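Residues 27 to 152 in this note's numbering are what the sequence shown lists, from first letter to last. Virtual Cβ for every residue (Gly too), placed ideally from N, Cα, C. Being a predicted model, the structure only gives us computed values, none of them experimental. The block underneath contains the structure these notes are about, expressed in structure tokens.
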Amino acid sequence: MLRPDQVLSVLIVDDNVGLAENIAEILDAEGYATEIAASAEEALPKARARVFSAVVTDFRLPGLTGVDLIRSLRKEGQYPAAVVISAYADDGTMSAAQDVGARFLGKPIDVGLLNVFLSGIARVAD
């Protein structure tokens with residue numbers, strides 16, 4: 027859990043809005059500030075308008091993939107911690123996530139493990 031004076035922002039990107047809302051609700055309860063986007067194209071302007079500590083994105087999205095989103099952010103000079111989630115935990119998907127410096131989590135999401143990843147960001151931010 028975050029210290030009271032420490033608020034990390036997390037952009038959650040998933041075309042399954044119900045899942046994104048569930049993740050946001052859990053992270054909000056842990057003290058994170060969250061924002062949701064349903065596609066990479068919707069997420070990019072949000073990321074340009076606000077600096078996020080982390081991005082949690084589905085791999086398969088309409089249009090650009092989650093990895094494409096992370097790659098675009100990196101090209102724009104933004105380096106939020108990244109977690110790619112997917113129901114398709116094959117070597118290609120995991121490798122693509124690793125290639126952009128992202129952690130990979132399969133679906134259904136282990137929220138405890140996601141929180142461990144994000145807690146690591148909080149420790150680095152200290």
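- Message: Let me confirm a value: V81 is counted as buried when at least 16 other C-beta atoms fall within 10 Å, else exposed. Which label applies?
- Response: buried
- Out of L87, V142, D54, state which residue places its alpha-carbon closest to the alpha-carbon of A64. Cα-wise, what sits closest to A64 is L87.
- Message: Going by the DSSP bridge assignment, what does I62 pair with across the sheet?
- Response: Answer by DSSP bridge pairing, in chain order: I38.
- Task: In angstroms with no decimal places, state the Cα-to-Cα distance between I135 and Y58.
- Result: 18 Å
- Message: Using C-beta distances below 8 Å, list every residue in its chain close to E47, excluding the 5 sequence neighbours before and after it, in chain order.
- Response: I62
- Message: Looking only at its chain, what residues have a beta carbon closer than 6 Å to the beta carbon of V39, apart from the 5 residues adjacent to it on each side?
- Response: A63, A69, T83
- Message: Spatial neighbours of L90 within its chain, please: C-beta separation below 8 Å, excluding the five flanking residues on both sides.
- Response: S65, A66, E67, S98
- Candidates G103, T119, A75, G146, of which the one nearest K133 by Cα: T119
- Task: With R86 as the anchor, note down where its alpha helix (DSSP H) starts and where it stops.
- Result: Looking at the DSSP string, R86 is not in any alpha helix (DSSP H), and its letter there is neither H nor E.
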